[in-house]
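I have placed the structure first, in the form of structure tokens, so that the comments after it can refer back to it.
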DNA sequence: AACGGAACCTGAAAGC
DNA sequence: TGCTTTCAGGTTCCGT
């Protein structure tokens, strides 16, 4: 379930569990997720000196300059267990520090774990656009001007803006009263500004929701939907009560309120 | 160069 | 109830 806010929560957790610690035991058998052989051997006795996030990527920096990059895909998550806890379902990797045994779980195997030499990184990581929380959104207008794709589709392009996924894009557009079908390069300055505010608002909101139970990190089966419009086709718009519309763009669902889109002001670039 | 769509996996939810 | 279909918050590859 990882977009920027969830990955940030994962970062804080992994940092708390393993930051500054020496890896005393590791299991990372090669798989679709774990790229390369011998990762466990390379990690044991190394100290994890920092845990960073950029977009949807985590970077665990080691004391030898190398770094373990982690992408959670659709279903990846890091959890902490007792060292005596046996292998969990869908456990793909394990890193044990002195006080924590940290497991990477990933049923669908869309995630990725890979070790890189100092100064190197996955290509997708190197190509990330600005991260809204790390870099701010000052460059949003310039990024969006690069493409004529619909704004909703453009927001999912990690090279334009890092960390935004289907839910955050959907929620931000609703907050900004923008039509998801509007072309990215046709946004007015006022619209870009509204979008930037919408993005920061939904990121902050989601972060606050997700962060509330980071200690237990409990599985929530059937937890209720905390989002304003995502997954709420036909339900009343929280602002104007009109029924929300679902639309598919580039194979991804978008939800919006056709009734409270803000009319364009004609100030086209 | 840029775009839509399928593919990669598994499980939960909806549909019948 | 139980079987079948649809859908899922990710990226990547492939054909147009």
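Residue numbers (this note's numbering): 251 to 519.
Where is the CB? At the ideal position from N, CA and C, for every residue including glycine.
Just so you know, these numbers come straight off a predicted model, no measurement behind them.
> Looking at the unbroken alpha helix (DSSP H) that takes in residue 346, where does it start and where does it end?
Replying inline: In the first chain, the residue the question calls residue 346 occupies position 96. Run containing residue 346: none in the alpha helix (DSSP H); it sits in the beta strand (DSSP E), 341-346.
>> Here's the rule I'm using: 16 or more other beta-carbon atoms within 10 Å means buried, otherwise exposed. How should residue 338 be labelled?
In response: Taking the first residue of the first chain as 1, we reach residue 338 at position 88. Residue 338 should be labelled exposed.
>> Starting from residue 263, trace the alpha helix (DSSP H) in both directions and tell me its first and last residue.
In response: The residue labelled residue 263 in the question sits at position 13 within the first chain. For residue 263, the enclosing alpha helix (DSSP H) covers residues 254-268.
>> Which of the three DSSP states is assigned to residue 504 in this structure?
In response: Walking along the first chain from the start, residue 504 turns up at place 254. The answer is strand: DSSP assigns residue 504 an E or B state.
> residue 300 to residue 270, Cα distance in whole Å?
Replying inline: Walking along the first chain from the start, residue 300 turns up at place 50. Walking along the first chain from the start, residue 270 turns up at place 20. The straight-line gap from Cα to Cα measures roughly 7 Å.
> Under a three-way DSSP split, which group does residue 455 fall into?
Replying inline: Position 205 of the first chain holds residue 455. Three-state DSSP puts residue 455 in a helix.
>> Does the segment 483-501 come into contact with the segment 280-287, if we say contact requires no fewer than three beta-carbon pairs (one atom in each stretch) closer than 8 Å?
In response: Contact fails between the segment 483-501 and the segment 280-287, because fewer than three Cβ pairs, one in each stretch, are under 8 Å apart.
>> For residue 288, tell me which candidate among 417, 413, 382 and 363 has the shortest Cα-Cα distance.
In response: In the first chain, the residue the question calls residue 288 occupies position 38. That would be 363, whose Cα lies nearest to the Cα of residue 288.
> Which partner residues of residue 327 appear in the DSSP bridge assignment?
Replying inline: Locating residue 327 in the first chain gives position 77, where the first residue counts as 1. The bridge partners DSSP lists for residue 327 are 355.
> In whole angstroms, what is the alpha-carbon distance linking residue 304 and residue 277?
Replying inline: Locating residue 304 in the first chain gives position 54, where the first residue counts as 1. Locating residue 277 in the first chain gives position 27, where the first residue counts as 1. Looking at the backbone, the Cα of residue 304 and that of residue 277 are separated by about 25 Å.
> residue 362 bridges to which residues according to DSSP?
Replying inline: Within the first chain, numbered from 1, the residue matching residue 362 stands at position 112. Note: residue 362 sits in a beta bridge opposite 321.
> Which value, in whole angstroms, describes the spacing of the CA atoms of residue 495 and residue 514?
Replying inline: As a working mapping, residue 495 is identified with position 245 in the first chain. As a working mapping, residue 514 is identified with position 264 in the first chain. Inter-residue distance for residue 495 and residue 514 is about 20 Å (C-alpha atoms, whole angstroms).
> Is there contact here, the segment 433-443 with the segment 393-400, by at least three beta-carbon pairs under 8 Å?
Replying inline: Under the Cβ criterion (8 Å, minimum of three pairs), the segment 433-443 counts as touching the segment 393-400.
>> In this structure, how does DSSP classify residue 418 when only helix, strand and coil are distinguished?
In response: Residue numbering aside, residue 418 sits at position 168 when the first chain is read from its first letter. Look at residue 418 here: in three-state DSSP terms it is helix.
> Looking at the structure shown, is residue 297 part of a helix, part of a strand, or coil, going by DSSP?
Replying inline: Taking the first chain and counting its residues from 1, the one referred to as residue 297 is at position 47. Under the three-state reduction of DSSP, residue 297 is assigned to strand.
> To the nearest whole angstrom, what separates the beta carbons of residue 309 and residue 329, a pair I think is in contact under 8 Å?
Replying inline: The residue given as residue 309 occupies position 59 in the first chain. The residue given as residue 329 occupies position 79 in the first chain. Going by Cβ atoms, the distance from residue 309 to residue 329 rounds to 19 Å, so no, they are not a contact pair.
> Mapping DSSP to helix, strand and coil, what is residue 481?
Replying inline: Stepping through the first chain from its first residue, residue 481 is reached at position 231. Judged by DSSP in its simplified three-state form, residue 481 adopts coil rather than helix or strand.
>> Less than 7 Å between the C-beta atoms of residue 361 and residue 321, yes or no?
In response: If you number the first chain from 1, residue 361 lands on position 111. If you number the first chain from 1, residue 321 lands on position 71. Taking 7 Å as the cut-off, the Cβ atoms of residue 361 and residue 321 count as close.
>> I'd like the list of long-range same chain contacts for residue 464, defined as Cβ closer than 8 Å, with 5 residues on each side in sequence excluded.
In response: Residue numbering aside, residue 464 sits at position 214 when the first chain is read from its first letter. Residue placement at residue 464 is flagged as unreliable, the pLDDT there being 44, under the threshold of 50; a coordinate-derived value is accordingly withheld.
> Under the DSSP definition of a beta bridge, which residues are partnered with residue 302?
Replying inline: Within the first chain, residue 302 is the residue found at index 52, counting from 1. 309.
>> In the DSSP assignment, the alpha helix (DSSP H) including residue 316 goes from what residue to what residue?
In response: Here residue 316 is taken as the residue at index 66 of the first chain, counted from 1. In this chain, residue 316 is not harboured by any alpha helix (DSSP H), its DSSP state being neither H nor E.
> Can you tell me whether residue 351 is buried or exposed, with buried defined as 16 or more other CB within 10 angstroms of its CB?
Replying inline: Within the first chain, numbered from 1, the residue matching residue 351 stands at position 101. Classification for residue 351: buried.
> Are residue 506 and residue 430 touching if we call contact CB-CB under 7 Å?
Replying inline: Taking the first residue of the first chain as 1, we reach residue 506 at position 256. Taking the first residue of the first chain as 1, we reach residue 430 at position 180. Yes; because the gap between Cβ atoms is below 7 Å, this pair is in contact.
> For residue 498, is the classification buried or exposed, using 16 other Cβ atoms within 10 angstroms of its Cβ as the cut-off for buried?
Replying inline: In the first chain, the residue the question calls residue 498 occupies position 248. Result: exposed.
> Can you name, in chain order, every residue of its own chain whose Cβ lies under 8 Å from the Cβ of residue 268, other than the five neighbours on each side?
Replying inline: Start at 1 with the first residue of the first chain, and residue 268 comes out as number 18. Only 298, 301, 310, 345, 347, 350 and 352 meet the Cβ criterion.
> Ends of the alpha helix (DSSP H) at residue 403?
Replying inline: Here residue 403 corresponds to residue number 153 of the first chain, with the count starting at 1. From DSSP, the alpha helix (DSSP H) with residue 403 extends over 401-405.
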